[in-house]
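Note sheet for the following structure.
There are 2 protein chains.
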Amino acid sequence: METAGWSFAAIPPKTARDKIMSAASYLFCNHGFSATGIDAILDRAGTAKATLYHHFRSKEELIAAVLEAEGETWRAWFFGQLAARGGPERTRMLAVFDVLEDWFSDPGFYGCPFINAVAEFDTGNDAVRQAAERHKDHLLTWLKGQAVALGVPDVAETARSFAVLIDGAIVAAQHTRDPSFARTARRMAEIHLDDVLKHRLRA
Amino acid sequence: METAGWSFAAIPPKTARDKIMSAASYLFCNHGFSATGIDAILDRAGTAKATLYHHFRSKEELIAAVLEAEGETWRAWFFGQLAARGGPERTRMLAVFDVLEDWFSDPGFYGCPFINAVAEFDTGNDAVRQAAERHKDHLLTWLKGQAVALGVPDVAETARSFAVLIDGAIVAAQHTRDPSFARTARRMAEIHLDDVLKHRLRA
DNA sequence: GAAAGACCGGACAAATCTGTCTTGTTTTTT
DNA sequence: AAAAAACAAGACAGATTTGTCCGGTCTTTC
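These protein sequence lines map, in sequence, to chains C and X.
Counted from 1, the first sequence has number 218 at position 178 by the numbering used here; the numbering is strictly sequential.
Counted from 1, the second sequence has number 87 at position 47 by the numbering used here; the numbering is strictly sequential.
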């Protein structure tokens, strides 16, 4: 059904644990975490309830496992796509928005699981918030590395700017189902880099 | 407790209907829509269950009413803040990010209710998605009006760019609890305006 | 070949969910 | 003052929730 490769739900499941993870990923991400019941996951996975509670102590632990797996799968796909693209440093850094557009264009695109999870649980759920923070740290680290390679004067601020653009593009694309918001974000990233690198030449 | 004025939950409730709306706003926005039960709303509101179902046919209708009221209250606050700020056109358009920073700085800030609602329900819930679209249309209309007043060549693209920056700043501030992402977004808005207006001078 | 673990199917418990209904009191309107 | 609407308090129904447990089957591993 889905062959995009950025969702854990798309990985062909072999063991019962994988079947549960795959079904839970799909349902959590498409219908929400609270709204998805254990029974619905079991139905979709075709497994027994005892099997689920053998592998996961609670629904909360299953949610954490799904978020972890979704993040890992997505990052492997995302950074893999980035690594496959060549060109000068600047082009490779801006390529994040080209890869984002591919992501947005998938018919099964449901936004960022971490953004969605924080939005749903929000106040008081530190486990979810910390998982989202870890995920975003991976991205920020990569962005900082690229910024350093580019010779950007304020590395942290450039990484923050890219993070804002990425989050904004994700949310806008999720709401409108219009993948071209990735290009809108890309244009702003371009002029941001022009701006900070121009200032560097002046100094 | 909360005096910020941008949340419906902060309006002093008088009638039982308002008490229900206020309690529902707070709980929905802070603990999630699905996770908040009718009984929890009743407890917080101090009203009877029959009263709730006298005013709202179902929980779904209550959610819709809360979203509508939250949107209306927020827009009244937001555009009121913007209207109170003077200065040249450019400054007033960029002031959206100053007002956003005030919003982010409130201890009770829980993100945008519409972003959170779409994130939670996502697939298949057109009512929520359309409510979010209506809300965002208000903002886009205002942004386009400002862009026209500024003499921006591509009004639609500038409005889209601002929308991406606004959504991105909201999400980043919600995740990190760091209001200064509004300033990061503002800087990119500045250079975006510089860029499009410079091109206009060239032509 | 035997032991161990993974898995199925479903009953079961206890709590919680949304929504209805009844009875009676308070408030507002006419 | 009388009629009408709003509200409180809570019982109740029916469905659904998470999580446990039991008995039997299959597959892997040593």
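No residue lacks a Cβ here, since even glycine has one placed at the ideal position from N, Cα and C.
None of the values given here were measured: they were computed from a predicted structure.
Counting Cβ pairs closer than 8 Å, one from the region 197-217 of chain X and one from the region 142-152 of chain X, do we hit at least three?
-> At 8 Å Cβ cutoff, the stretches touch.
Would you kindly check if the distance between the Cβ of C:His215 and the Cβ of X:Val158 is under 8 Å?
-> A contact, by the Cβ cut-off of 8 Å.
Does the Cβ-Cβ distance between C:Tyr63 and C:Ile81 come in under 8 Å?
-> At residue 63 of chain C the sequence reads Ala, which differs from the Tyr that was named. Yes, the pair counts as a contact, with Cβ atoms nearer than the cut-off.
Tell me where the alpha helix (DSSP H) around X:Cys69 begins and ends.
-> 56-71
Chain-ordered chain X contacts of C:His71 [CB-CB under 7 Å] | Thr163
Decide if C:His188 is buried, meaning its Cβ has at least 16 other Cβ atoms within 10 Å, or exposed.
-> This sequence places Val at residue 188 of chain C; His is not what is there. Label assigned to C:Val188: exposed.
Let me know the secondary structure DSSP gives X:Ser220 once reduced to three states.
-> coil
Residues within the region 145-163 of chain X neighbouring chain C, beta-carbon criterion of under 7 Å = Cβ contacts with chain C: Tyr150, Gly151, Ile155, Asn156, Val158, Ala159, Glu160, Phe161, Asp162, Thr163.
Beta carbon proximity, C:Asp235 to chain X, threshold 8 Å | yes
CB X:Phe202 to CB X:Ala229, shorter than 8 Å?
-> yes
Residues near X:His178 by beta carbon distance below 6 Å, same chain, minus five either side = Arg115
For C:Glu197, return the contacting residues in chain X, with the cut-off set at a CB-CB distance below 9 Å.
-> Within 9 Å Cβ-Cβ: Thr224, Arg227.
Cβ pair X:Val136, X:Ile60 closer than 8 Å = X:Ile60 is positioned such that its CB atom lies no closer than 8 Å to that of X:Val136.
Contact set between the region 184-216 of chain C and chain X, restricted to residues whose Cβ is under 9 Å from the partner | Glu197, Arg200, Ser201, Ala203, Val204, Leu205, Ile206, Asp207, Gly208, Ala209, Ile210, Val211, Ala212, Gln214, His215, Thr216
Buried or exposed for X:Thr163, please, with buried defined as at least 16 other CB atoms from any protein chain shown within 10 angstroms of its CB.
-> exposed
Contact set between C:Ser74 and chain X, taken where Cβ atoms lie within less than 7 Å = Gly72, Ser74, Ala75
Taking 8 Å as the threshold, find out whether the region 181-198 of chain X comes into contact with the region 188-199 of chain C through three or more Cβ pairs.
-> no
Only counting runs of 4 or more residues, tell me where the alpha helix (DSSP H) segments fall wholly within the region 62-144 of chain X, in order along the chain.
-> 78-85, 89-95, 99-124
Is the beta carbon of C:Gly72 less than 8 Å from the beta carbon of X:Glu110?
-> no
So, using beta-carbon positions, are C:Lys184 and C:Ala172 closer together than 8 Å?
-> no
Count the other CB atoms within 10 Å of the CB of C:His94; is the residue buried (16 or more) or exposed (fewer)?
-> exposed
What three-state label does DSSP hand C:Ser51 in the structure shown?
-> Before going further, note that residue 51 of chain C is Ile rather than Ser in the sequence given. C:Ile51: coil per DSSP, three-state reduction.
Coarse secondary structure for C:Asp177, derived from DSSP in three states | helix
With a CB to CB cut of under 8 Å and the five nearest residues on each side skipped, what residues in its chain are close to X:Arg130?
-> If the five residues before and after X:Arg130 are omitted, its C-beta is found closer than 8 Å to the C-beta atoms of Leu190, Leu233, all from its own chain and listed in chain order.
Starting from the C-beta of X:Phe119, find all residues in its chain whose C-beta is less than 8 Å away, skip the five residues before and the five after it, and write them out in chain order.
-> Trp182
Grab the span of the alpha helix (DSSP H) containing C:Asn156 for me, first residue to last.
-> Run containing C:Asn156: 153-161, per the alpha helix (DSSP H) assignment.
Pairwise C-alpha distance: C:Ile231 and C:His239 | 12 Å
Taking the Cβ atom as the reference point for each residue, do C:Ala49 and C:Ser74 lie within a distance shorter than 8 Å?
-> no
Taking C:Leu122 as the reference, which of C:Leu92, C:Trp143, C:Glu108, C:Ala105 has the closest Cα?
-> C:Trp143
Rank X:Gly127, X:Asp138, X:Arg217 by C-alpha distance to the C-alpha of C:Gln170 and give the top, closest one.
-> X:Arg217
is_contact[C:Ile81, chain X] using C-beta, thresh 8 Å | no
CB-CB length for X:Arg84 against X:Leu107, believed under 8 Å = The pair is not a contact, with the Cβ atoms about 18 Å apart (cut-off 8 Å).
Partner residues on chain C for X:Ile231, Cβ-Cβ distance less than 7 Å = Within chain C, the residues near X:Ile231 are Ile231, His232, Asp235.
Could you tell me whether any Cβ in chain C is nearer than 8 Å to the Cβ of X:Lys176?
-> yes
Do C:Trp46 and C:Thr113 have their CB atoms nearer than 8 Å?
-> Contact: yes.
Coarse secondary structure for X:Phe202, derived from DSSP in three states | helix
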